[in-house]
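Protein chains in written order, with this note's numbering: chain A, 28 to 521; chain B, 9 to 113; chain C, 9 to 639. Backbone N, C-alpha and C fix where the C-beta goes; we use that ideal spot for every residue, glycine too.
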């Protein structure tokens with residue numbers, strides 16, 4: 028059996044295990060075992076991938092496999108990974124793993140919650156291993172649907188509204204996507220759905236012109252592209268902790284990944300034609316998200332807008348279409364995934380103690396819950412791009428890469444986008460100063476306790492991942508930039 | 009005078025039955041009357057099947073089969089429908105369609 | 009010289025050790041670990057300096073640039089990559105000595121100053137982090153490594169300013185410091201990226217053909233880098249964070265906001281000096297003008313402040329202005345032909361680090377004794393704290409430029425360089441030097457002489473500080489006394505790398521001495537006695553000016569206006585409103601529109617089977633008719 032299929036198999040087995048679990052301990056055992064296995068598997072995969080590359084394997088995708096499951100439309104279950112998918116799988120498994128611990132004490136309907144949670148992660152893993160457009164799309168849908176229930180049932184605040192809005196907007200995106208996929212399929216001669224094979228063919232320019240924006244927008248909605256980002260603040264604010272983590276940390280990355288892997292890879296000429304327009308939108312996203320975050324008063328809204336800004340940077344870097352910037356985009360996905368997951372985890376933990384996320388009501392948490400407060404500062408510093416954490420590496424790669432694009436238009440966009448690093452500092456430090464520092468005057472809050480062991484574990488895992496990436500970016504960078512090469516060369520040739 | 013029965017006579021009969029059924033289905037409110045109308049329509053088609061088979065393809069039996077199927081399905085349908093109607097009557101104490109709207113969304 | 013890596017590694021280990029396990033340690037242990045580590049680093053730096061300068065010159069008569077370590081950290085392209093390494097050349101070795109010396113003094117001093125403070129271990133952890141970052145900054149092998157450590161010193165400064173995190177002023181100050189410098193760093197970053205793109209390298213020595221090709225871009229890139237330097241080094245108008253940064257513990261102010269971090273901008277300009285001279289002399293002169301204006305502005309403000317740390321902060325800004333001027337007035341690489349300023353600026357950086365650290369540590373002793381920063385609580389302290397008094401006086405004389413203290417020598421070189429550039433600049437800087445002497449002695453008299461605040465002192469008798477605090481003062485005072493005439497600074501650092509003999513230009517020296525003595529005399533006349541009639545009457549006569557200077561010419565209000573009113577209220581709030589009410593509403597309208605359509609066609613579904621069948625048969629009839637017509 029192909030190693031990649033295990034990524035889908037484990038969640039299936041986990042769901043089975045959850046189905047027959049009788050009590051909380053069994054549920055936890057299943058979740059911890061399963062997510063640990065996923066994490067171990069993805070680490071093993073990364074190691075195996077690197078060693079195969081070093082041994083001279085030069086195919087674009089490794090570990091490939093293909094089984095036809097609907098011949099009339101040439102739909103196959105075809106899998107395969109390159110460096111980009113390997114790091115994305117690594118990211119997803121880290122988030123799923125830590126998310127499990129972050130929802131350790133979740134009540135009520137724990138079993139059902141974890142069932143949907145596992146189904147969501149199944150979709151995510153399936154998406155990243157797929158090489159077939161339609162299978163990819165199917166897994167994408169699998170990942171979207173559980174979100175509705177997870178937010179609608181276990182969320183907080185205006186949860187029904189948020190869940191509905193999020194699902195409808197993302198579904199709208201996926202409608203575009205389906206049209207786009209069929210467009211590509213027929214444009215490329217209706218012979219195959221496999222991305223690698225389509226990339227060898229040439230899709231006629233007229234088709235590219237029409238379908239590039241369709242596919243890009245379809246994925247762009249999930250990547251929080253301005254002006255289709257408004258599901259993100261409401262959705263994130265209402266979602267339960269682990270779901271916010273998984274959603275901002277991984278699900279939003281499906282957008283960037285899809286834009287790169289499908290839209291830009293398969294339709295390079297379309298990308299050249301539409302690139303400038305979308306570049307303007309992403310530049311707006313970057314600055315606009317950051318500026319909106321400055322005045323928010325709800326912790327989750329701040330982070331959601333910050334996600335809009337950072338995910339905007341991902342699409343921004345992709346559209347710069349240089350090798351370095353695309354590498355930076357992938358790094359940014361990785362880094363933002365980890366950082367934002369950590370943020371949401373911390374906010375969730377603070378919220379479940381104080382029952383408020385309003386920064387005007389929180390004060391002096393440093394004295395009350397030092398561990399969480401220090402974690403929050405670390406997450407904040409990582410978010411504003413402090414060297415030593417992943418954010419810096421990603422942002423610098425993005426900006427250096429963007430500067431390779433020397434014409435005036437791209438240069439101006441780049442310079443506008445760089446200003447976001449200042450604004451990021453403003454909203455991060457504003458929150459840190461308001462909620463962590465100072466003296467707490469709220470009697471209720473003074474009685475609160477610091478993090479429990481599983482919360483500490485979650486945070487520590489994420490800090491290690493963020494700092495690890497930030498201190499030793501060499502190997503990840505190497506892994507990604509080699510895999511970005513074929514896609515970028517496709518863009519450069521035409 | 010030899011009374012010869014042509015295909016046209018059968019078709020007149022079935023058409024009359026069909027339109028009686030349709031008329032009944034449109035106008036009656038009583039569930040039982042609706043059921044009877046539906047049966048009329050069904051049987052009109054059965055007659056058509058048998059007649060066309062008999063006159064157009066004398067060597068074949070498909071039409072007869074179909075009418076037999078039709079009768080069997082009509083029987084099953086009637087059984088189910090009457091069961092439903094009886095249950096509806098028991099629970100609501102009425103069998104006029106306008107009065108039974110509790111189940112509407 | 010491979011051992012130099014330990015200079016970075018020791019504090020780098022020390023920081024996580026203290027940060028993670030410090031809370032479990034007693035204060036004394038944590039402090040000792042930090043101090044011993046920094047002590048070892050200091051010794052290593054001295055050994056490095058001895059080895060480096062002792063190893064002799066190359067055939068061209070310059071000290072070779074060594075890179076004992078260089079690791080590729082993050083590759084972008086074949087030529088563009090961020091390396092992490094250690095580069096030793098005269099200025100970086102000189103900076104190593106300065107940083108470790110001051111840092112060690114501060115570590116020792118903090119034992120006494122921070123005694124019993126909550127978060128003592130955290131304090132030492134942050135000090136280690138800062139020392140690590142600052143050392144990494146000066147030994148950077150390329151501009152991007154410099155930027156990385158540049159950001160790290162920024163964040164350590166943020167953490168240390170906000171050390172008293174329950175104090176609202178400290179929180180605001182730390183935030184302001186970080187954001188203002190971050191804003192400047194944006195310029196630095198764009199400068200680096202431009203530089204990297206056009207030079208195809210991040211190292212300090214780009215290839216000649218790339219330099220030729222870059223043309224007009226290089227002055228811009230260097231100018232943008234200077235913006236970053238101006239932020240860190242508190243040049244006007246980005247200086248606003250530095251006075252507020254005094255909310256941090258006083259030893260921190262001595263280390264970060266007086267001696268080391270704030271001169272990073274000067275160091276940056278010095279680092280890029282060959283490029284400035286060769287390709288962007290105009291930009292370099294802009295540096296000089298900015299420096300001169302800052303020096304003047306800060307000196308005027310320093311004359312009227314009443315918080316002693318604020319006076320020192322403005323004096324720091326002013327002195328950094330001097331260093332910038334020194335670098336900026338250079339016109340060639342030859343120290344005999346207009347390149348003197350380079351050596352002068354670096355020399356002043358060195359001497360200033362010592363006596364300014366001394367001043368701040370002295371101020372720390374005073375604050376420790378009277379528990380206040382305000383001059384009004386002091387006066388007449390000389391009899392209570394003799395050691396502090398003497399060392400403070402030495403530092404004041406040094407900064408005023410009185411022979412034979414170190415400040416005299418470095419300031420004289422700067423003035424000589426300015427006169428060589430243009431007499432106007434020379435005279436302006438001489439006048440500012442006079443103002444320096446004046447406000448420093450105003451400070452000195454108000455603290456140690458003048459009218460004693462007897463009520464307060466009776467209540468709480470000021471006392472001399474413990475030995476841990478006074479010993480660093482004495483060491484720094486000793487360095488301040490001897491550094492000028494013992495150290496042949498020009499032999500180590502000069503613009504072209506060759507040995508340069510410092511010779512005192514008697515004309516310039518005489519003028520500056522006279523001006524300084526006059527200023528001191530004026531200060532003595534105005535402030536040494538218990539009542540200050542002249543100062544008060546001047547303040548009354550020019551009350552508008554006095555008030556403006558006291559409020560630092562309202563720059564902080566402008567800053568607040570820009571951030572609060574413009575960015576917060578005029579940009580961010582409307583954007584957030586726009587997002588919620590326009591974009592989001594549009595999406596909601598889409599949903600509402602769909603719903604309205606649904607409601608509109610809903611009556612068709614009556615739920616009555618008869619209606620459906622009528623439609624059904626109507627359909628059949630229509631179809632039949634169509635088919636019949638078609639046939």
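Task: Contacting residues, own chain, Cβ-Cβ under 7 Å from residue 154(A) (five flanking each side not counted) - done: If the five residues before and after residue 154(A) are omitted, its C-beta is found closer than 7 Å to the C-beta atoms of 163, 166, 167, 170 and 281, all from its own chain and listed in chain order.
Task: Identity of the residues DSSP links to residue 97(A) by a beta bridge - done: For residue 97(A), which the question treats as bridged, DSSP gives the partners 102(A).
Task: Close beta carbons around residue 521(A), own chain, < 6 Å, minus the five adjacent residues each side - done: Bear in mind that a pLDDT of 43 at residue 521(A), under 50, signals an unreliable position, so the number given afterwards is only what the model happens to contain. Cβ neighbours of residue 521(A) beyond the five flanking positions: 295 and 296.
Open item on the list: Which residues does DSSP list as the beta-bridge partners of residue 94(C)?
Closed with: Under DSSP, residue 94(C) shares a beta bridge with 77(C).
- [ ] Check the Cβ of residue 160(C) against every Cβ in chain A and list those closer than 8 Å, keeping chain order.
- [x] What residue 160(C) touches in chain A: 413, 414 and 415.
TODO: Select from the stretch 618-637 of chain C all residues with a C-beta closer than 8 Å to any C-beta belonging to chain B, and list them in chain order.
DONE: Within the stretch 618-637 of chain C, those residues whose Cβ lies closer than 8 Å to any Cβ of chain B are, in chain order, 618, 621, 622 and 625.
Task: For residue 337(A), the three-state DSSP class (helix, strand or coil) - done: Reduced to three states, the DSSP call for residue 337(A) is helix.
TODO: Please report the residue range of the alpha helix (DSSP H) in which residue 44(B) lies.
DONE: Counting along the chain, the alpha helix (DSSP H) containing residue 44(B) begins and ends at 39-64.
Open item on the list: Determine, for residue 12(B), whether the minimum Cβ-Cβ distance to residues of chain C falls below 8 Å.
Closed with: So no, residue 12(B) is outside the interface.
Open item on the list: I believe residue 416(A) touches residue 409(A) by the beta-carbon criterion, under 8 Å. Please report the beta-carbon distance rounded to the nearest angstrom.
Closed with: 4 Å between Cβ atoms; contact.
Task: Below-8 Å beta-carbon distance, residue 30(B) vs any chain C residue - done: Taking a beta-carbon distance threshold of 8 Å, residue 30(B) counts as an interface residue toward chain C.
Task: CB contact flag (residue 298(C), residue 386(C), <8 Å) - done: Annotated as distal: residue 298(C) and residue 386(C), with beta-carbon spacing of 8 Å or more.
TODO: Tell me whether the beta-carbon of residue 257(A) lies closer than 8 Å to the beta-carbon of residue 592(C).
DONE: Cβ distance < 8 Å, so residue 257(A) and residue 592(C) count as in contact.
Task: Beta-carbon neighbours of residue 601(C), restricted to chain B and to distances below 9 Å - done: For residue 601(C), no chain B residue has a Cβ inside 9 Å of its Cβ, as the nearest lies near 22 Å away.
Task: C-beta neighbour in chain B for residue 616(C), strict 8 Å - done: The Cβ of residue 616(C) sits closer than 8 Å to at least one Cβ of chain B.
Task: Where the stretch 226-250 of chain C meets chain A: residues whose CB sits under 8 Å from a CB there - done: Those residues of the stretch 226-250 of chain C that come within reach of chain A (Cβ to Cβ, closer than 8 Å) do not exist; the list is empty.
Open item on the list: So the candidates are 454(C), 510(C) and 221(C); which of them puts its Cα closest to the Cα of residue 414(C)?
Closed with: Answer by Cα proximity: 510(C).
Task: Amino acids of chain C, ordered along the chain, whose beta-carbon sits closer than 8 Å to that of residue 196(A) - done: Chain C residues near residue 196(A): 595.
Open item on the list: Just verifying my parser: in three-state terms, what is the DSSP assignment at residue 34(C)?
Closed with: Of the three classes helix, strand and coil, the one that applies to residue 34(C) here is coil, per DSSP.
- [ ] Output the distance between the C-alpha atoms of residue 108(B) and residue 615(C), rounded to the nearest integer angstrom.
- [x] Taking the straight line from one Cα to the other gives about 11 Å.
Open item on the list: residue 142(C) and residue 163(C) - do their beta-carbons sit closer together than 8 Å?
Closed with: For residue 163(C) and residue 142(C), no; Cβs fall outside 8 Å.
- [ ] Would you list the one or two residues that DSSP bridges to residue 83(C)?
- [x] Partner(s): 89(C).
Open item on the list: Alpha carbons only, please: which of 201(C), 478(C), 67(C) and 138(C) is nearest the one belonging to residue 426(A)?
Closed with: Taking only the C-alpha atoms, the option nearest residue 426(A) is 201(C).
TODO: Quick one: which unbroken alpha helix (DSSP H) runs of 4-plus residues sit fully inside the stretch 273-359 of chain C? Chain order, please.
DONE: You should have 281-287, 289-310 and 316-336.
TODO: Quick one: using the 10 Å Cβ neighbour count with 16 as the cut-off for buried, is residue 235(C) buried or exposed?
DONE: Answer is buried; the Cβ neighbour count reaches 16.
Task: CA-to-CA distance, residue 104(B) to residue 29(B), given in whole angstroms - done: Straight-line Cα distance between these residues: approximately 18 Å.
Task: Where residue 479(A) falls: helix, strand or coil (DSSP) - done: For residue 479(A), the three-state secondary structure derived from DSSP is coil.
- [ ] Determine the burial state of residue 71(A): buried for a count of at least 16 other Cβ atoms within 10 Å of its Cβ, exposed for fewer.
- [x] Under this definition residue 71(A) is an exposed residue.
Open item on the list: Can you confirm whether residue 221(C), when its beta carbon is compared against all beta carbons of chain A, has any partner nearer than 8 Å?
Closed with: With respect to chain A, the C-beta atom of residue 221(C) has no partner C-beta closer than 8 Å.
- [ ] Tell me the start and end of each unbroken alpha helix (DSSP H) in the stretch 366-406 of chain A that is at least 4 residues and wholly inside, in chain order.
- [x] Within the stretch 366-406 of chain A, the complete alpha helix (DSSP H) runs of at least 4 residues are 392-395.
Task: chain C residues whose Cβ lies nearer than 7 Å to that of residue 34(B) - done: Simply 618, 621 and 622.
Task: residue 596(C), enclosing alpha helix (DSSP H) - first and last residue - done: Secondary structure note for residue 596(C): its alpha helix (DSSP H) is the uninterrupted segment 592-609.
TODO: Round the Cβ separation of residue 289(A) and residue 160(A) to the nearest angstrom and send it over; I've been treating them as touching at under 8 Å.
DONE: A Cβ-Cβ separation of about 6 Å places residue 289(A) in contact with residue 160(A) under the 8 Å criterion.
Task: With 16 other Cβ atoms within 10 Å as the buried cut-off, status of residue 470(A) - done: Around the beta carbon of residue 470(A), fewer than 16 other beta carbons sit within 10 angstroms, so the residue counts as exposed.
Open item on the list: I'd like the list of long-range same chain contacts for residue 59(C), defined as Cβ closer than 8 Å, with 5 residues on each side in sequence excluded.
Closed with: 9.
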